[in-house]
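Some notes on the structure that comes next.
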Amino acid sequence: MKNFNSLYKATALGVAMVFGASVLMMNGCKNPAQDIKVAIATKTLSKSGTLIEFVKANPTGAALPATISVTIGGPGKDLVQTDNGGKDFVASNGLLPVSLTRFATPSAASPIVFTISASVAGYSPVFQKISITSDADLKNIVIPLVSLTNPPDGAAVSQTDKPLTGGISVAETKIETAATAVTPQSVELSIPAGTQVLDANKQAIASTSLKTTMVYYGTTDKDALDAAAPFLVAVNPIGPNNQTITGPVSFVTAGAVSINMTAGTTEVKNFSKPISAEIEINPNFINPTTNAKIKAGDVVPVWSLNEGTGQWTYETTTTVANVGGKLVAVVSISHLSTWALNFFPTTACPFTVTVNLGSDISNYFGYVVTYEYEGQTLSTFTPNLGTFAPAGTKTVTIANPIPFSLKGKLVVYANLTAGLTKVAESPQLSNCSNFTLNLDAPVFTDLVDTEISFVAKCTNKNIIAYPTTWMSINDVTNGVSTNVHMVDGKVNVKLMNGVTYSMSAVYDEKTYTSEAIKISKTQGVNVKNAAGLTIIGTYNAGTQKLPLEAEFVVTDCK
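Count along the sequence shown from 1, add 59, and you get the number used in this note's numbering.
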């Protein structure tokens, strides 16, 4: 006899079957029919697969920690589970696949909303709010981690330890980031003399020191904008006049600063009097309300982000000033969080893009389609055009999800041997009318239609499982990885002939990776790793397909 959790853990073994060992959890009565094999399809046990992917904000930085503990919060947190049906959310090698439970009923009218947050030693804290609107809503959430010692170009970090007397700043205290060649703008924080630091309940903190970590996100480099990406999408933010803006909102930022303070061992969240941040602005930033370079006298909205709940709140506006030849916005800060100079939607831009494909859509495996404005990615329409629609599709229609009158452009990137390369972009929109983009056939045309089937066999329990989860397909040559969603042990992809790939997934806080597999129309595949994974397959010239059968056998399931 089995309860739901034990059944889920049994079926979730299939997630690991391709990639390594796992434990099959079965509770209750011993099955008297030991010779009967039970085949379990897992897609009915979960909904809305979401892959949380942590990456380095600085591409040249050190590798991320092998494991990252993640906190799931928000109103829908109880409906979020790991792939094994558990609640221990740990990313392995940057990847954490989660899903909604089978009891969740997400819809556009009643979305399931939850938050992701992580505090990693040596990195700036991260957080993001996610909204799921349907059972089939698949998301690949990429969260860049900013190293406090090696931030990306366009960003800057300041870490200081300033004296206090009984938790009070005796003299005016200034904390600032340094301007450099790669990050020419900076931010300066001023704490007035006589300011008492307060905790989350606005109680005084009696301490002799104030430790501050401040991260500035500028707009001069794409890596910094990518690092600020979690700040640029808000779900149900509280707008002007304390009115909630329903649904997701995409911000365009002129700069943001994340401030974390500790007095002694207590987090500082409030102050007895406001402190101020003087944020420099990139003079080449395009003000989306004027469609011209920002200048002194422009009015900029100021927003704050509660890093504990993921709630964005409109605070006020500030006016840009020219101070010593630099454009500066001064923000009055009453509580600690992330503060940002964020422009937000006032009118909609409901255009639709028709993309005419030069070949079958399945040939565009790994192609990424984005909507960009002045170098800032406002939205990723799809991280994998090849799986956006069924094979045979030659035309796709994409509706603009940005409720913004920003006249940006559609940009398409291809996963080539040199990495992600821009292959097409639309002209800058002059209005919000519908338009068409013609996309040439892929440069690399020798593709192999690959049908991957996975099965896990638990011999001592006579159970066969077919997993529903995310898997990563990594091009060994260029290191570019593409994430695809597998349903009941099956996924179809177009892979390059002659190219070597590895396949991996995460289960139960571990990463499981296959041996290198060379995709070939002339050579069969027959690989086996030490953990007991076997992958075999031979190209079928008649069907012009490469079926790969992967089997993982576990003999000691518990």
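For glycine and all other residues, C-beta sits at the position ideal for the given N, C-alpha and C.
Reduced DSSP category for Asp534 - H, G, I as helix; E, B as strand; rest coil: Here residue 534 refers to the residue found at position 475 when the sequence shown is read from its first residue. In this structure, Asp534 counts as strand in the three-state DSSP scheme.
DSSP-derived helix/strand/coil call for Ser579: Sequence index remark: in the sequence shown, residue 579 carries index 520 (1-based). Residue state, collapsed to three classes: coil.
Output yes or no for whether 7 Å exceeds the beta carbon distance between Val256 and Ala315. Along the sequence shown, one-based indexing puts residue 256 at 197. Along the sequence shown, one-based indexing puts residue 315 at 256. Their beta carbons are not under 7 Å apart, which means Val256 does not touch Ala315 by this criterion.
Compute the beta-carbon to beta-carbon distance between Asn341 and Thr278, rounded to the nearest angstrom, for a pair I have assumed lies under 8 Å. Residue mapping note: residue 341 aligns to position 282 of the sequence shown, counting from 1. Residue mapping note: residue 278 aligns to position 219 of the sequence shown, counting from 1. The Cβ separation is near 5 Å, so the contact holds.
Among Asn346, Ala313 and Met320, which one has its Cα closest to the Cα of Glu337? As a working mapping, residue 337 is identified with position 278 in the sequence shown. Taking only the C-alpha atoms, the option nearest Glu337 is Ala313.
At least one CB of chain B closer than 7 Å to the CB of Ser331: is that the case? The displayed structure is made up of one protein chain only, and chain B is not part of it.
Using three-state DSSP, classify Leu204 as helix, strand or coil. If you number the sequence shown from 1, residue 204 lands on position 145. Leu204 falls in the strand class under three-state DSSP.
Do Thr541 and Asp142 have their beta-carbon atoms positioned less than 7 Å apart in this structure? Position 83 of the sequence shown, counted from the start, is the residue given in the question as residue 142. Position 482 of the sequence shown, counted from the start, is the residue given in the question as residue 541. Contact: no.
Just to confirm, are Ile175 and Ile111 a CB contact at a threshold of 7 Å? The residue given as residue 175 occupies position 116 in the sequence shown. The residue given as residue 111 occupies position 52 in the sequence shown. Yes, these two residues count as a Cβ contact at 7 Å.
Excluding five sequence neighbours on each side, which residues of the same chain lie with their C-beta closer than 6 Å to the C-beta of Asp196? The residue given as residue 196 occupies position 137 in the sequence shown. Contacts found: Ser107.
Can you check which of these residues, Thr411, Gly253 and Thr593, is closest to Gly225 by C-alpha distance? Here residue 225 corresponds to residue number 166 of the sequence shown, with the count starting at 1. Here the closest residue by C-alpha is Gly253.
Compare the Cα-Cα distances from Thr130 to each of Ala121, Gln140 and Leu123 and report the closest residue. Locating residue 130 in the sequence shown gives position 71, where the first residue counts as 1. With distances taken between Cα atoms, Thr130 lies closest to Gln140.
Helix or strand or just coil, what does DSSP make of Asn295? Taking the first residue of the sequence shown as position 1, residue 295 is located at position 236. In the structure shown, Asn295 sits in coil (DSSP, three-state: anything other than H, G, I, E or B).
At which residues does the beta strand (DSSP E) containing Ala286 begin and terminate? Sequence index remark: in the sequence shown, residue 286 carries index 227 (1-based). Run containing Ala286: none in the beta strand (DSSP E); it sits in the alpha helix (DSSP H), Lys281 to Ala286.
Residue range of the beta strand (DSSP E) that includes Gln603: Looking up residue 603 in the sequence shown gives position 544. It is not in any beta strand (DSSP E) - Gln603 carries neither H nor E in the DSSP assignment.
In this structure, how does DSSP classify Lys136 when only helix, strand and coil are distinguished? For the purposes of this step, residue 136 is taken as residue 77 along the sequence shown, with counting starting at 1. Helix, per DSSP.
Looking only at C-alpha atoms, which of Ile250, Gly467 and Asp505 sits nearest to Ile345? What you label residue 345 is simply residue 286 of the sequence shown in a count that begins at 1. Considering only alpha carbons, the answer is Gly467.
Return the Cβ separation of Ile264 and Val327 in integer angstroms, given the expectation that the two are a contact with Cβ distance under 8 Å. As a first step, residue 264 is located in the sequence shown; it is residue number 205 there, counting from the start. As a first step, residue 327 is located in the sequence shown; it is residue number 268 there, counting from the start. That belief holds up - the Cβ atoms of Ile264 and Val327 are roughly 7 Å apart, short of 8 Å.
Measure the alpha-carbon distance for Thr559 versus Ser193 and round it to whole angstroms. Here residue 559 refers to the residue found at position 500 of the sequence shown. Here residue 193 refers to the residue found at position 134 of the sequence shown. Each residue's alpha carbon lies about 36 Å from the other.
Quick one: residues in its chain with C-beta nearer than 6 Å to the C-beta of Phe310, no 5 flanking neighbours on either side, listed in chain order? Position 251 of the sequence shown, counted from the start, is the residue given in the question as residue 310. These residues qualify, in order along the chain: Leu291, Asn401 and Phe403.
Please list, in chain order, all residues of the same chain as Val482 whose beta carbon is under 6 Å from its beta carbon, the five residues on each side excluded. What you label residue 482 is simply residue 423 of the sequence shown in a count that begins at 1. Around Val482: Val471 and Ala473.
Do you know whose CA, among Leu154, Thr597, Ile457 and Pro360, lies nearest Ser563's CA? Start at 1 with the first residue of the sequence shown, and residue 563 comes out as number 504. It is Leu154 whose Cα lies nearest to the Cα of Ser563.
Taking the CB atoms as reference points, tell me whether Thr242 and Ala259 lie closer together than 7 Å. As a first step, residue 242 is located in the sequence shown; it is residue number 183 there, counting from the start. As a first step, residue 259 is located in the sequence shown; it is residue number 200 there, counting from the start. No, Cβ-Cβ distance for Thr242 and Ala259 is not below 7 Å.
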